[in-house]
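Below: one structure, written as structure tokens.
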Amino acid sequence: MVSLNSDEIQDMVPVNQGAPAFSFITNETDDGAVFLTFWLSFKYGYSLGSMSTPVSWSADWTEHTSFQQRIVNRDESPWTFSMSIDDGSNVYTSNSLTLAGVSGDEITPNVTEGILSFDFSTLELETIDLANISSVSLNISGILPVNNYDRVAEYEVAFEVGDLNPVPLPASLLLFSSALALLILRKNNNKTV
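For the sequence shown, the numbering used here begins at 1 and goes up steadily by one.
Okay, here's the thing in structure tokens:
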């Protein structure tokens, strides 16, 4: 599994700034960044804004079988997100993910935050040139004005670490406890000899 790391996320730039959306970073976090996208008041109906890796960015993902990126909707209105991967020949877009608006600061998994992903082993992605990934874009969309008033979306793009830890917490706790017990037993055995 591969994911944009925090530096790559923080280096993302707006795509087609001002046509029709304006996007910018508002805060850097340990595992990513918080972005703001807004649309001018004359825009009505479906509209899309995008952030992308810089033109100078490229990646070789031949060692990976999937891509995942965590998205958190930090806005009070629902917004729809998707990711696009460009291999220089084709652009592949993930399924859309609509995330509900937050109430206060309460983030709820699978409601206000979710994972956008690509499985490179699927038939739809078998032709992707993983050695020549030229850009990754985050797309945010809605039917404006959202909730009859909202034209500003605040969202976080974060490094997805969910699958990088091969030892689940309960198993690692058991392993750690066993190691401590063996250490204590060995120490006690050394005292009696």
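Note that the Cβ used here is the ideal one computed from N, Cα and C, for glycine as well.
Just so you know, these numbers come straight off a predicted model, no measurement behind them.
In DSSP terms, what residue i is bridged to
{"i": "N139", "result": "S50 and S82"}
{"i": "T93", "result": "S84"}
{"i": "D150", "result": "V146"}
{"i": "R74", "result": "Note: R74 sits in no beta bridge, so no partner."}
{"i": "S23", "result": "T37"}
{"i": "V55", "result": "Answer by DSSP bridge pairing: none, since V55 is not bridged."}
Three-state secondary structure (DSSP) of residue i
{"i": "A100", "result": "coil"}
{"i": "N189", "result": "helix"}
{"i": "I6", "result": "Correcting the residue type first, residue 6 is Ser in the shown sequence and not Ile. Here S6 sits in helix by DSSP."}
{"i": "N16", "result": "coil"}
{"i": "I184", "result": "helix"}
{"i": "S177", "result": "helix"}
{"i": "E124", "result": "helix"}
Local Cβ density within 10 Å of residue i, reported as buried at 16 or more and exposed below that
{"i": "D30", "result": "exposed"}
{"i": "L138", "result": "buried"}
{"i": "G32", "result": "buried"}
{"i": "L180", "result": "exposed"}
{"i": "F81", "result": "buried"}
{"i": "Q17", "result": "exposed"}
{"i": "G45", "result": "exposed"}
{"i": "T37", "result": "buried"}
{"i": "L185", "result": "exposed"}
{"i": "V102", "result": "buried"}
{"i": "I140", "result": "buried"}
Selected residue, minimal CA-CA separation from residue i, among the options
{"i": "L4", "options": "L99, G88 and R70", "result": "R70"}
{"i": "L40", "options": "M51, S23 and T53", "result": "S23"}
{"i": "Y155", "options": "D87, V55 and T98", "result": "T98"}
{"i": "W79", "options": "P54, S58 and G49", "result": "G49"}
{"i": "E113", "options": "A100, L125 and G104", "result": "A100"}
{"i": "Y149", "options": "D11, R74 and K43", "result": "K43"}
{"i": "V72", "options": "F159, N90 and N188", "result": "F159"}
{"i": "V152", "options": "V111, R74 and S84", "result": "R74"}
Quiz item: Is there contact here, the stretch 84-96 with the stretch 13-27, by at least three beta-carbon pairs under 8 Å?
Solution: no
Practice problem: Would you check if there are 3 or more beta carbon pairs closer than 8 Å linking the stretch 46-65 to the stretch 115-133? | Solution: yes
Exercise. Say whether the stretch 49-60 touches the stretch 127-145, bearing in mind that this needs 3 or more beta-carbon pairs closer than 8 Å, one atom from each stretch.
Key: yes
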